[in-house]
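Since the structure comes first, as structure tokens, the remarks are kept for the end.
In UniProt numbering, the protein residues as written are 1 to 119.
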């Protein structure tokens, strides 16, 4: 494969990752998630390229945000690799591979400070 084709493929992959991140932000915003932040963690994390972090106002709101995003992803043929914390509703992680969505209640977000940890 020529260098040009390799660079083009890498650009396409990067664009796909960016589009997935934007999709997660958009769908979380649909559910009125608060303080949505997207972090580019390529090179810092071995498991994902982007972390989207947002806040829900209650256990039900946190779970609803994560479930809505997962449902909308499935409608487009994107199957989440996993979801943890849904039954507790305090911190739900939705693993979409190249992007992860962290939906947290304010108390957990303040305690764990993921933005500070990963930026």
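Glycine is no exception: its CB is placed at the ideal position from the N, C-alpha and C atoms.
{"Check": "Expressed to the nearest angstrom, what Euclidean distance is found between the alpha-carbon atoms of residue 68 and residue 27?", "Outcome": "7 Å"}
{"Check": "Secondary structure at residue 108, three-state DSSP: helix, strand or coil?", "Outcome": "helix"}
{"Check": "Sorted by chain position, which residues of the same chain lie with C-beta nearer than 7 Å to residue 21's C-beta, five sequence neighbours on each side aside?", "Outcome": "38, 50, 52, 99"}
{"Check": "What is the C-beta distance between residue 34 and residue 54, in whole angstroms, given that I count them as a contact (C-beta under 8 Å)?", "Outcome": "7 Å"}
{"Check": "Across which residues does DSSP place residue 52 in a beta bridge pair?", "Outcome": "38, 101"}
{"Check": "Let me know the secondary structure DSSP gives residue 86 once reduced to three states.", "Outcome": "coil"}
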